[in-house]
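Right, one structure below, let's go through it.
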Amino acid sequence: MRIAMIGTGYVGLVSGVCFSDFGHEVVCVDRDPSKIDALTAGRVPIFEPGLEDLMRRNVEAGRLSFSGDLAAAVAGAEAVFIAVGTPTRRGDGHADLTYVMGAAAEIAAALTGHTVVVVKSTVPVGTNRQVAEAIRTARPDADFDIASNPEFLREGAAIDDFMRPDRVVVGVESDRAAEVMAEVYRPLFLREFPIVTTSLESAEMIKYAANAFLATKITFINEIAALCEATGADVKSVAKGMGLDNRIGRTFLHAGPGFGGSCFPKDTRALARIGQEHGTPMRITETVIEVNEAMKRRMIEKLRELLDGSFNGRTIAVLGVTFKPNTDDMREAPSLTIVPALVGGGARVRVTDPQGRREGEALLPGVTWAEDAYAAADGADAVVILTEWNEFRALDLKRITRSGPRVLADLRNIYDAETAAEAGFAAYAGVGR
Ligand code: UGA
Numbered sequence: 037m038r039i040a041m042i043g044t045g046y047v048g049l050v051s052g053v054c055f056s057d058f059g060h061e062v063v064c065v066d067r068d069p070s071k072i073d074a075l076t077a078g079r080v081p082i083f084e085p086g087l088e089d090l091m092r093r094n095v096e097a098g099r100l101s102f103s104g105d106l107a108a109a110v111a112g113a114e115a116v117f118i119a120v121g122t123p124t125r126r127g128d129g130h131a132d133l134t135y136v137m138g139a140a141a142e143i144a145a146a147l148t149g150h151t152v153v154v155v156k157s158t159v160p161v162g163t164n165r166q167v168a169e170a171i172r173t174a175r176p177d178a179d180f181d182i183a184s185n186p187e188f189l190r191e192g193a194a195i196d197d198f199m200r201p202d203r204v205v206v207g208v209e210s211d212r213a214a215e216v217m218a219e220v221y222r223p224l225f226l227r228e229f230p231i232v233t234t235s236l237e238s239a240e241m242i243k244y245a246a247n248a249f250l251a252t253k254i255t256f257i258n259e260i261a262a263l264c265e266a267t268g269a270d271v272k273s274v275a276k277g278m279g280l281d282n283r284i285g286r287t288f289l290h291a292g293p294g295f296g297g298s299c300f301p302k303d304t305r306a307l308a309r310i311g312q313e314h315g316t317p318m319r320i321t322e323t324v325i326e327v328n329e330a331m332k333r334r335m336i337e338k339l340r341e342l343l344d345g346s347f348n349g350r351t352i353a354v355l356g357v358t359f360k361p362n363t364d365d366m367r368e369a370p371s372l373t374i375v376p377a378l379v380g381g382g383a384r385v386r387v388t389d390p391q392g393r394r395e396g397e398a399l400l401p402g403v404t405w406a407e408d409a410y411a412a413a414d415g416a417d418a419v420v421i422l423t424e425w426n427e428f429r430a431l432d433l434k435r436i437t438r439s440g441p442r443v444l445a446d447l448r449n450i451y452d453a454e455t456a457a458e459a460g461f462a463a464y465a466g467v468g469r
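The numbering of the sequence shown is the working numbering, which starts it at 37 and goes up by one.
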């Protein structure tokens, strides 16, 4: 099957590469010529484990190519995916649909033969219908169907999530569209991964509901963590005891400095906005947004307390600034709230991150970048773990205390008080213990 993927951002690129690996003939389209040039030269603009290799293999096999020519890619395709960005619109929390509608207009002009136009971007309920109408109005003669196909990829594990999904969600209105989508996902279908076929509106809603639910789960355990600190319970044991109940489940119960990233913050805001627009306030989601902000600020107070009430004149090593490990993504990372508070409070901040420097340098002014955790910690007063990269999970803590630091703030609960004390730290703080 011939597929055109419009947009080579995170979702578009991963999906395009994986579809080509399924055996489809895929053209990934972007209007940014520098991106197309880089991709054509075999360079992946994001850090995602395994992506570059998979891309190279499929380009070599002749199934995958990159182009700036949307019209040509659409004209030759049986399925056209829209995977452009839907950032939060300035001011009102609504998802900005400018790029989606822009892509729809360009696609409309280029349609030939029967085509399924598939919206992969995360869009508010009702958008797929709007896209279909826009195409129909522009090209009453066009032979097309619309499908909604939200993605559930996690950054850092995107290829595995694509190849071995918990489920694939497909919203369609016609049997023809359902057949084409079944063909697109045939390899997964054959391996009996669940494919949920539903209406356009339900597919759109599943995406927001799933992300808001996961964000709620994290925020719930973060709030329980605060209460654990006040009562003497240990949130790790609490999460384990809760999570073994199958109805609750163990994942997404890791207390931390608050969720970040390109999806949860944006999608919770968008869901809250959709609720308001329909006169059905999403009160739980609205509270989750508020509590998550408060959790990030709570971390600043925790650190201040650990440093006897002031950051002024202290040297602090921060390990990890990306919103989670295995990505270079800094979007809405807790570090963007926490690090400026340290700098603003008069601390000398030394930062290290295996992938975050390229993006982080501009976003975190006033810090010094260090090569690794040991260089960051050398001569510092305190070490703060903000992102649980693997290389921070097995640090030689004695080597760190020998070089100066006496305080360990472990905002991902990788270590524990006993281990920290044995290594020579005078003070240790995790989250919720
Ligand atoms: C999330 C969802 O997990 C994907 O299913 C979804 O497709 C994606 O958003 C999207 O909508 O595109 P992602 O943002 O890549 O994926 O990252 P997650 O692994 O979900 O982590 C999100 C945030 O929650 C991170 O800041 C992470 O540190 C935090 N988190 C996660 C916790 O604090 N505790 C947990 O137990 C889990």
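Each residue gets a CB set at the ideal place from its N, CA and C atoms; glycine is no exception.
Cβ-heavy atom distance, residue i to ligand 1, below 7 Å
i, result
"residue 338", "no"
"residue 360", "yes"
"residue 103", "no"
"residue 122", "no"
"residue 380", "no"
"residue 292", "yes"
"residue 254", "yes"
"residue 43", "no"
"residue 297", "yes"
"residue 198", "no"
"residue 303", "yes"
"residue 76", "no"
"residue 351", "no"
"residue 240", "no"
"residue 55", "no"
"residue 328", "no"
"residue 158", "yes"
"residue 247", "yes"
"residue 469", "no"
"residue 49", "no"
"residue 313", "no"
"residue 187", "yes"
"residue 190", "yes"
Short CB-CB distance (under 8 Å) between residue i and chain C
i, result
"residue 389", "Absent here is chain C; the protein component of the structure consists of one chain."
With 16 other Cβ atoms within 10 Å as the buried cut-off, status of residue i
i, result
"residue 235", "exposed"
"residue 147", "buried"
"residue 20", "There is simply no residue 20 to check, as the chain begins at 37 and stops at 469 in what is shown."
"residue 371", "buried"
"residue 77", "exposed"
"residue 232", "exposed"
"residue 266", "exposed"
"residue 277", "exposed"
"residue 298", "buried"
"residue 226", "exposed"
"residue 126", "exposed"
"residue 290", "buried"
"residue 398", "exposed"
"residue 48", "buried"
"residue 173", "exposed"
"residue 348", "exposed"
Whole-angstrom C-beta distance between residue j and residue i, which should lie under 8 Å
i, j, result
"residue 68", "residue 158", "Contact doesn't hold; Cβ gap of about 20 Å is too wide."
"residue 417", "residue 443", "6 Å"
"residue 65", "residue 40", "6 Å"
"residue 270", "residue 469", "4 Å"
"residue 421", "residue 450", "6 Å"
"residue 435", "residue 410", "6 Å"
"residue 343", "residue 350", "6 Å"
"residue 63", "residue 118", "With a Cβ gap of about 14 Å, residue 63 and residue 118 do not count as contacting."
Practice problem: Tell me, please, whether the segment 421-436 touches the segment 311-328 by the rule of three or more beta-carbon pairs shorter than 8 Å. | Solution: Taking a cut-off of 8 Å on C-beta distances, the segment 421-436 does not touch the segment 311-328, as fewer than three cross pairs fall below it.
Self-check item: Secondary structure, alpha helix (DSSP H): runs of 4+ residues fully inside the segment 322-397
Solution: 371-380
Quiz prompt | the segment 273-291 in contact with the segment 101-113 per 3-pair CB rule at 8 Å | solution = no
Exercise. Counting only runs of 3+ residues fully inside the segment 205-248, write out the beta strand (DSSP E) ranges in chain order.
Key: 231-234
Quiz item: Which runs of the alpha helix (DSSP H) spanning at least 4 residues fall entirely within the segment 125-174, listed in chain order?
Solution: 134-146, 163-174
Practice problem: Taking 8 Å as the threshold, find out whether the segment 207-225 comes into contact with the segment 168-187 through three or more Cβ pairs. | Solution: yes
Quiz item: Within the chosen definition, does the segment 403-413 reach the segment 343-360 through at least 3 CB pairs nearer than 8 Å?
Solution: yes
Quiz item: Looking at C-beta atoms only, is the number of pairs between the segment 429-436 and the segment 252-259 that lie closer than 8 Å three or more?
Solution: no
Quiz prompt | Given 8 Å, three or more beta-carbon pairs between the segment 159-172 and the segment 126-135 | solution = Touching, yes, given that three or more Cβ pairs across the two stretches are closer than 8 Å.
Exercise. Examine the Cβ distances between the segment 334-351 and the segment 376-389 and report whether three or more of them are shorter than 8 Å.
Key: yes
Self-check item: the segment 194-205 in contact with the segment 37-53 per 3-pair CB rule at 8 Å
Solution: Enough Cβ pairs lie closer than 8 Å, so yes.
Practice problem: Identify every run of the beta strand (DSSP E) within the segment 181-205, keeping only runs that are complete inside it and at least 3 residues long; order them along the chain. | Solution: none
Self-check item: Runs of alpha helix (DSSP H) lying entirely within the segment 414-456, each at least 4 residues, in chain order
Solution: 433-438
Exercise. Only counting runs of 3 or more residues, tell me where the beta strand (DSSP E) segments fall wholly within the segment 51-127, in order along the chain.
Key: 61-65, 100-103, 115-118
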